[in-house]
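Numbering (my numbering), first residue to last: 276 to 511.
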């Protein structure tokens with residue numbers, strides 16, 4: 276299910292979700308149920324269906340594991356913030372990010388947890404989800420600040436997340452009219468292998484479109500076009 280979401284194969288992800296949710300319900304394990312329903316919230320967020328995303332993520336947030344373990348609660352709140360960004364509710368975003376931060380501070384770092392959550396969720400990922408929320412709101416200055424914090428905190432092995440956050444940073448800079456820094460930031464994403472991930476290539480395609488809409492005749496736009504033409508996204 277997650278591989279399909281990450282690869283932008285949303286119809287396939289929906290089919291996997293239906294099966295996964297059924298199996299998780301039979302398991303009686305609220306930890307795996309949280310994972311499935313939290314993924315469903317992300318699926319619907321990426322499909323720009325915020326009502327469904329909020330409903331799915333609420334299922335995750337109300338499970339026993341989210342009441343028992345602040346780390347799970349924090350992830351639930353952080354993903355809720357990203358969804359609220361799509362609704363344009365800046366107050367709800369701020370509240371959800373605040374709840375996520377407070378819960379993360381309460382989480383015992385030494386508690387035994389499944390590796391799927393400890394492998395990726397930490398302060399850097401909270402900041403990254405806040406970046407997504409602020410971008411959706413059109414708060415580019417806030418998004419840039421959060422992106423810099425996330426990049427400073429990311430673990431070295433999180434290369435794909437670094438590429439995603441860097442692409443978001445470039446979009447935030449572009450949204451503020453900072454063309455040259457935005458293009459330089461986008462060009463800094465390694466071409467291979469993380470730069471070839473469907474999610475990253477999609478974000479950079481959107482960046483290029485936004486760049487053309489913002490300043491189609493700019494020399495920075497021409498530099499980006501030449502960069503792409505020279506095979507940056509399609510290495511020989």
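Glycine is no exception: its CB is placed at the ideal position from the N, C-alpha and C atoms.
Residue 483 and residue 438 look like a contact to me (Cβ under 8 Å); what is the Cβ gap, rounded to whole Å?
By one-based count along the chain shown, residue 483 stands at place 208. By one-based count along the chain shown, residue 438 stands at place 163. Not a contact, Cβ separation roughly 16 Å.
Given residue 338, which residues of its chain have a CB within under 7 Å of its CB, disregarding the five upstream and five downstream residues?
What you label residue 338 is simply residue 63 of the chain shown in a count that begins at 1. Beyond the five residues adjoining it in sequence on each side, residue 338 comes within less than 7 Å, by CB distance, of 305, 308 and 309 in the same chain, given in chain order.
Secondary structure of residue 357, DSSP reduced to three states:
Taking the first residue of the chain shown as position 1, residue 357 is located at position 82. Residue state for residue 357 is assigned as helix, using DSSP reduced to three classes.
Relative to the alpha-carbon of residue 513, which residue among 446, 472, 414 and 451 has its alpha-carbon at the smallest distance?
With the chain covering 276 to 511 only, the question about residue 513 has no answer from this structure.
According to DSSP, simplified to helix, strand and coil, what is residue 280?
One-based indexing of the chain shown puts residue 280 at position 5. Correct three-state label for residue 280: helix.
What does the alpha-carbon distance come out to for the pair residue 459 and residue 342?
One-based indexing of the chain shown puts residue 459 at position 184. One-based indexing of the chain shown puts residue 342 at position 67. The alpha-carbon atoms of residue 459 and residue 342 are separated by roughly 43 Å.
With residue 494 as the anchor, note down where its alpha helix (DSSP H) starts and where it stops.
If you number the chain shown from 1, residue 494 lands on position 219. 494-504 is the span of the alpha helix (DSSP H), which, as asked, contains residue 494.
State buried or exposed for residue 294, treating a residue as buried only when at least 16 other CB atoms are found within 10 Å of its CB.
The residue you call residue 294 lines up with position 19 of the chain shown. With fewer than 16 Cβ atoms within 10 Å of its Cβ, residue 294 is classed as exposed.
Enumerate, from N- to C-terminal direction, the unbroken beta strand (DSSP E) stretches of 3 or more residues contained entirely within the region 371-420.
Counting only runs of 3 or more, we get nothing.
Between the beta-carbon of residue 396 and the beta-carbon of residue 350, is there less than 9 Å?
The residue you call residue 396 lines up with position 121 of the chain shown. The residue you call residue 350 lines up with position 75 of the chain shown. It is a contact, given that the beta carbons lie within the stated cut-off.
Could you check the C-alpha separation between residue 280 and residue 491 for me, to the nearest Å?
As a working mapping, residue 280 is identified with position 5 in the chain shown. As a working mapping, residue 491 is identified with position 216 in the chain shown. Per the coordinates, the alpha-carbon of residue 280 lies some 32 Å from the alpha-carbon of residue 491.
Pick from 502, 391, 314 and 347: whose alpha carbon is nearest that of residue 378?
The residue given as residue 378 occupies position 103 in the chain shown. Residue 378 has its Cα closest to that of 347, out of 502, 391, 314 and 347.
How is residue 456 classed by DSSP in three states: helix, strand or coil?
Translated into positions along the chain shown, residue 456 becomes position 181. Residue state, collapsed to three classes: helix.
Test item: CB-CB of residue 418 and residue 450 under 9 Å:
Here residue 418 corresponds to residue number 143 of the chain shown, with the count starting at 1. Here residue 450 corresponds to residue number 175 of the chain shown, with the count starting at 1. The answer is yes: Cβ separation under 9 Å.
Where does the unbroken alpha helix (DSSP H) through residue 295 begin, and where does it stop?
Stepping through the chain shown from its first residue, residue 295 is reached at position 20. It spans 285-302 - the alpha helix (DSSP H) in which residue 295 sits, taken as one unbroken run.
Contact defined as beta carbons within less than 8 Å: I believe residue 466 pairs with residue 442. What is the distance between those atoms, to the nearest angstrom?
Counting from 1 along the chain shown, the entry for residue 466 is found at position 191. Counting from 1 along the chain shown, the entry for residue 442 is found at position 167. Taking C-beta atoms under 8 Å as the contact rule, residue 466 and residue 442 fail to qualify, at a distance of about 13 Å.
In this structure, how does DSSP classify residue 327 when only helix, strand and coil are distinguished?
Position 52 of the chain shown, counting from 1, holds the residue named residue 327. In the structure shown, residue 327 sits in a helix (DSSP, three-state: H, G or I).
Using a Cβ-Cβ cutoff of less than 6 Å, which residues in the same chain neighbour residue 325 once the five nearest sequence positions on both sides are dropped?
Locating residue 325 in the chain shown gives position 50, where the first residue counts as 1. These residues qualify, in order along the chain: 358, 361 and 362.
Outcome for residue 318 when other beta-carbon atoms lying within 10 angstroms are tallied against a minimum of 16
Sequence index remark: in the chain shown, residue 318 carries index 43 (1-based). Under a 10 Å Cβ-count criterion, residue 318 is classified as buried, with 16 or more other Cβ atoms of the shown protein chains found around its own Cβ.
Checking 9 Å against the spacing of the C-beta atoms, do residue 399 and residue 425 come in under that value?
Stepping through the chain shown from its first residue, residue 399 is reached at position 124. Stepping through the chain shown from its first residue, residue 425 is reached at position 150. Yes; because the gap between Cβ atoms is below 9 Å, this pair is in contact.
Does the Cβ of residue 301 have 16 or more other Cβ atoms within 10 Å, making it buried, or fewer, making it exposed?
Position 26 of the chain shown holds residue 301. With fewer than 16 other Cβ atoms within 10 Å, it is exposed.
Cβ of residue 447 within 9 Å of Cβ of residue 485?
What you label residue 447 is simply residue 172 of the chain shown in a count that begins at 1. What you label residue 485 is simply residue 210 of the chain shown in a count that begins at 1. Contact flag unset, no.
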